[in-house]
C-alpha cells in the first residue's frame, strides 16, 4: 500500500474559489513497518440502585506489520506497558508497570497479572481496507486468569481499537472537507444477541497532512426473535468523538471517542431495570 498525500491543487486554488482540498483516507500501512501506540480504555457500569464499577486500562504497544498475501496482513502487537485502575465504590485499586508512584497499596494484588502482560503478544489479521479480525493472544500470561483477560484486557475492545488505527472506513478514497459517510459495527453479546452501533463521520479539517474527522453514533440491540416484548434495549445518550488521520502515513494519529447509553431490561408489570454504561477510549500514536 502506498503513502497517502493531501491532494490540493495549489494552482487551481489560486484561480478558483470552488476547488476544495481533499484528503486521501485509504489505509497506508506497510509490511515490515513498526508502529507505536498508547491505548487507554475506560468503562463505568452503574445500576439504577447507584451501585457501580469503573475500570481503566492503559496499554503501550509495539505494532509490527508482517508481509501479507495482498488481501490481508498479519499484525503482531506486543505490550510495552500496562496499567489498570478499578474503582468498585468501596476502594480504588491502581497498579502500573511503568509508574510506581501512581500505583497504590491496594494495587499490589494486581502486580503479578500486570507484570505478566509485559511482552505478551497479540496477533490479528488486518484486511486491505484496514479491518482487524481474528485477534488472539500468542503468549498467554502465566497467571492464566480468564476473567482478568475478559474484563480487564477486553480483547474485543482492543480489536475495535486496532481497526481504528488502520482505517476510518470512508466510502470514498478522497473526500472533500464536509463529506459525511456512514458505517457500522456489530459485536456479539451472547444468546444470539448483537450490539450494533451505527456511525456518521464527517471530514472537518485538513492541516499539516492530518485530517480531522468528527464521529457521531447510535447504538441498538438486535435479537434473534425480535417479536418478544421482554427484550433488553439500548437508549443512546451520547456516542461521538474526534479522529485525527495521518494522511502521509495512512494510519491513525490520535482518537478520542466516548459512548454513554442505558441498557433497559423490562420486568413485567414493574418499572424496567436501567443500567447505565459509559465508555471512553483514547488512542495516541507515539512513533
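Numbering (my numbering), first residue to last: -1 to 285. Think of the CB as a built atom: it goes at the ideal place given N, C-alpha and C, for glycine as much as any other residue. As the structure is a computational prediction, the values presented were derived from the model and not from experiment.
Per DSSP, cross-strand counterpart(s) of residue i
| i | result |
| --- | --- |
| residue 187 | Answer is none; residue 187 lacks a bridge partner. |
| residue 273 | 45 and 261 |
| residue 282 | 36 and 252 |
| residue 90 | 85 |
| residue 53 | 41 and 84 |
| residue 60 | 34 and 76 |
| residue 155 | According to DSSP, which records beta bridges pairwise, residue 155 is partnered with nothing at all. |
| residue 268 | 265 |
Backbone CA spacing between residue i and residue j [nearest angstrom]
| i | j | result |
| --- | --- | --- |
| residue 216 | residue 183 | 11 Å |
| residue 212 | residue 262 | 28 Å |
| residue 188 | residue 81 | 28 Å |
| residue 231 | residue 197 | 18 Å |
| residue 114 | residue 49 | 31 Å |
| residue 218 | residue 235 | 12 Å |
| residue 283 | residue 233 | 33 Å |
| residue 220 | residue 229 | 10 Å |
| residue 121 | residue 132 | 8 Å |
| residue 47 | residue 126 | 46 Å |
| residue 67 | residue 112 | 35 Å |
| residue 214 | residue 237 | 6 Å |
| residue 152 | residue 222 | 25 Å |
| residue 108 | residue 93 | 7 Å |
| residue 178 | residue 285 | 29 Å |
| residue 7 | residue 164 | A caution first: residue 7 carries a pLDDT of 32, below 50, which makes its placement in the model too unreliable to give a value. |
| residue 180 | residue 97 | 40 Å |
| residue 89 | residue 102 | 11 Å |
| residue 27 | residue 191 | 34 Å |
| residue 146 | residue 161 | 23 Å |
Beta-carbon proximity list for residue i, same chain, < 6 Å, skipping 5 on both sides
| i | result |
| --- | --- |
| residue 242 | 208, 210, 251 and 252 |
| residue 276 | 42 and 258 |
| residue 91 | 84, 104 and 105 |
| residue 255 | 239 and 279 |
| residue 273 | 45 and 261 |
| residue 137 | 118 and 119 |
| residue 58 | 36, 78 and 79 |
| residue 56 | 38 and 81 |
| residue 157 | 130 and 133 |
| residue 53 | 41 and 84 |
| residue 168 | 23 and 179 |
Contacts around residue i, its chain only, beta-carbon distance under 8 Å, and the 5 residues preceding and following it disregarded
| i | result |
| --- | --- |
| residue 159 | 37, 39, 279 and 281 |
| residue 116 | 77, 78, 79, 80 and 95 |
| residue 64 | 29, 30, 71, 72, 73 and 74 |
| residue 123 | 70, 71, 72, 73, 130, 131 and 132 |
Unbroken stretches of the beta strand (DSSP E), 3 residues or longer, contained in the stretch 169 to 257: 178 to 188, 191 to 205, 208 to 220 and 231 to 244
Count the C-beta pairs between the stretch 29 to 41 and the stretch 56 to 76 that are closer than 8 Å, then say yes if the count reaches three, no if not. yes
Mind the definition here: the stretch 195 to 202 touches the stretch 161 to 180 only if three or more C-beta pairs lie below 8 Å; say whether that holds. Three or more beta-carbon pairs drawn from the stretch 195 to 202 and the stretch 161 to 180 are found closer than 8 Å, and the two stretches are therefore classed as touching.
Which whole runs of the beta strand (DSSP E) in the stretch 63 to 134 are 3 residues long or more, in chain order? 70 to 85, 90 to 94 and 119 to 125
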